[in-house]
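Numbered per our numbering, the sequence shown spans residues 48 to 304.
All C-beta atoms, glycine included, are put in the ideal place defined by N, C-alpha and C.
Down below is the structure, laid out as structure tokens.
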Amino acid sequence: MADAPQVVFAQSHLEVDRTQEQPHSVCAYYQTPEPSPIHSPEPTKAAAAQDQITDTAALQVSRVLGLRRKHFWTLFSVAIVLVVGTIGGSVGGVLAVQNASAQDKAVISSTATDISSSNIFPVNTSKDVTVAASSTVTDSPTSSSTSPAATPTIDNSCPQTLRSYNSKLYDCIARRNANEVGDIIAMLAYTMQQCVDACSNMNIIAGSVKCRAVAMTNGLDYEYQNNIAANCWLKSASQPSQQWDNATLAVLIADGA
48 MADAPQVVFA QSHLEVDRTQ EQPHSVCAYY QTPEPSPIHS PEPTKAAAAQ DQITDTAALQ
108 VSRVLGLRRK HFWTLFSVAI VLVVGTIGGS VGGVLAVQNA SAQDKAVISS TATDISSSNI
168 FPVNTSKDVT VAASSTVTDS PTSSSTSPAA TPTIDNSCPQ TLRSYNSKLY DCIARRNANE
228 VGDIIAMLAY TMQQCVDACS NMNIIAGSVK CRAVAMTNGL DYEYQNNIAA NCWLKSASQP
288 SQQWDNATLA VLIADGA
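Laid out in structure tokens, this is it:
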């Protein structure tokens, strides 16, 4: 069998020119591709809610009792100052009152000591007390020993000089009485001195001369029982006068009250 024909290709220059190829970096094959904006993941609703909670918490932390921290601490400082001032004033007032009370007690104690140590009120002896009591009983016109029933008759005679307690001079006339029309007031008297003193008192109270004379009888018990309980009459006039056996008339000499 004849051999198959053999084809012989002519040698051609088919070599590949690699000088135009760009060199490739080894790292280029390991670069992570950037994600496409189209395929970027959107934030979820859970993440948004978490952000809102975080913002609210931060806002709450920045406030105290509903006030901003700055305002809260300012008000708190003012309140502390007021409280401290009030307490200090109260304590100072209490101390001042206690100090004044202590001083008053010291003054009272000192005064009591001075009085007790000095003999301002000497103690009377039993003899002195007896004499004073006896004198009081004797001089008192209202005691039982000088009552109208115990003293039926008194002395209404004219003294040598008859003056009232305020030095007004009276002219005394025995067994005489002035007109009853001039009677101002009637009273009970044990002495002529008491009768003219009452006349002077009326003039002083009135501020002018109202009483110009007095008439006094000596029948004390009789007048007390039968003549409106009086034996001394203050009179606005001394005339006309008349005879009266048991009466004594005293006429004011000076017109001054």
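Residue state for Leu235 is assigned as coil, using DSSP reduced to three classes. Bridge partners of Ala262 according to DSSP: Trp280, Leu296. In the DSSP assignment, Asn213 falls outside any beta strand (DSSP E), carrying neither H nor E. Ala260 sits close to Ala284, with the two beta carbons spaced by under 8 Å.
In this structure, DSSP gives Gln286 a state outside helix and strand, which the three-state scheme calls coil. In summary, Thr264 is buried, with 16 or more beta-carbon neighbours lying within 10 Å of its beta-carbon over all protein chains present.
Ser211 is classed as buried because its beta carbon has at least 16 other beta carbons within 10 Å across all chains shown. Under the DSSP definition of a beta bridge, Ala221 partners with Thr295. Segment contact: the stretch 197-209 against the stretch 245-259, fewer than three CB-CB distances shorter than 8 Å; contact not assigned.
Of the residues Ala126, Cys279, Arg223, the one whose Cα lies closest to the Cα of Asp244 is Cys279.
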